[in-house]
Ligand SMILES: NC(=O)c1ccc[n+]([C@@H]2O[C@H](COP(=O)([O-])OP(=O)(O)OC[C@H]3O[C@@H](n4cnc5c(N)ncnc54)[C@H](OP(=O)(O)O)[C@@H]3O)[C@@H](O)[C@H]2O)c1
């Protein structure tokens, strides 16, 4: 059985790692803040004292980190200090990253003799807990088979998109639609509030109409309860919007709505909302 090392036990990574443990994989985890690994110790998961220990132990290194900075602080350090320790390994990035960064990382890993698979996911914390994420993958075809037990444990479906960075591009293209839809929901909620409408009725109408979907249902509940505990934090959302904007610039795509969203999320960060859920965007409108 392959030894699976999993780095990044944040909002998404912790439930994903828990599902890998439940699936009976030979698992070791690492998180920069060690306290977040405590729940996994109760599932008898091995916890690495450092990212280097995890990388050196694993056959397959899975990352669910916030972004390139976190990858450079972990995998990047090992690549710089002891690239030979990566030889023969398979590295899988399940976080959302700029496609240009993924392409460069694939090249650096290839130089060290490691294979790279990009496997970003669709779905928030709830599907991560349920193990029903949608996984988009790109990279060498032969690696996909090896990764089936991992993708089956965290997701309900995995879709092959082509060579790196096609899965990352696919993720950004889908998230562009998601962020536009959520911005519409937040703006509409603000409008409804200002108009003195009953919010319960407003959300029921939306959810019972063709616009209804599970993400809107989740966010409508949070908006009604003023519950801003992060499923996806505004900081994470802003980082993703920045990746889309930078990529659009690189590929010559015209994305005026997303650039507006990026400005809004920057305003939210400047108002100190980085750690709150995306639906805290309503506070920016209300201000
Ligand atoms: N949340 C969602 O709904 C969602 C959905 C799909 C995809 N994603 C993507 O999945 C990835 C993770 O998202 P998340 O919501 O789980 O984020 P998160 O809760 O903020 O967790 C980020 C993780 O990265 C680690 N990290 C950050 N900086 C680091 C550094 N310099 N060195 C080492 N570790 C570092 C954090 O460690 P600490 O615990 O020590 O801070 C934590 O484990 C992101 O790429 C995001 O875009 C998120």
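Residue numbers (our numbering): 38 to 324.
Heads up, the beta-carbon is just placed ideally off N, CA and C, and yes, glycines get one too.
For residue 179, the secondary structure class from DSSP, reduced to helix, strand or coil, is helix. For residue 197, the closest of 284, 229, 181 by C-alpha to C-alpha distance is 181. Counting only unbroken stretches of 4 or more residues, the alpha helix (DSSP H) elements lying wholly within the stretch 58-87 are 75-78, in sequence order.
When only Cα atoms are considered, residue 253 and residue 41 end up about 34 Å apart.
The DSSP-derived three-state label of residue 130 is strand.
At a cut-off of 3 residues, not a single continuous stretch assigned as beta strand (DSSP E) sits fully inside the stretch 215-260.
The Cβ atoms of residue 213 and residue 194 lie no closer than 7 Å to each other. Contact between residue 45 and residue 68 holds, with the beta-carbon distance rounding to 7 Å and staying under 8 Å.
Taken through DSSP and simplified to helix, strand or coil, residue 303 comes out as helix. Spatial neighbours of residue 43 in its own chain (CB-CB distance under 6 Å, excluding positions within 5 residues in sequence) are listed in chain order as 54, 66, 99. Annotation: residue 42 is outside any alpha helix (DSSP H); the continuous beta strand (DSSP E) that includes it extends over 40-44. Here the stretch 216-227 lies against the stretch 316-323, with 3 or more beta-carbon pairs under 8 Å apart.
The C-alpha of residue 276 is placed about 21 Å away from the C-alpha of residue 70.
Contact between the stretch 143-160 and the stretch 121-131 is present, with at least three C-beta pairs closer than 8 Å. A residue is called buried once 16 or more other Cβ atoms fall within 10 Å of its Cβ, and residue 106, having fewer, is exposed. Judged by DSSP in its simplified three-state form, residue 314 adopts strand.
Between residue 205 and residue 157, the C-beta gap is smaller than 7 Å, which places the two residues in contact.
At a cut-off of 6 Å, the beta-carbon of residue 60 does not count as near ligand 1: no heavy atom of the ligand is closer than that. If you check the C-beta of residue 250 against ligand 1, you find no heavy atom less than 6 Å away. Here residue 124 has 149, 150, 151 as same chain residues with Cβ atoms under 8 Å from its own Cβ, once five neighbours each way along the sequence are excluded. For residue 174, the three-state secondary structure derived from DSSP is strand.
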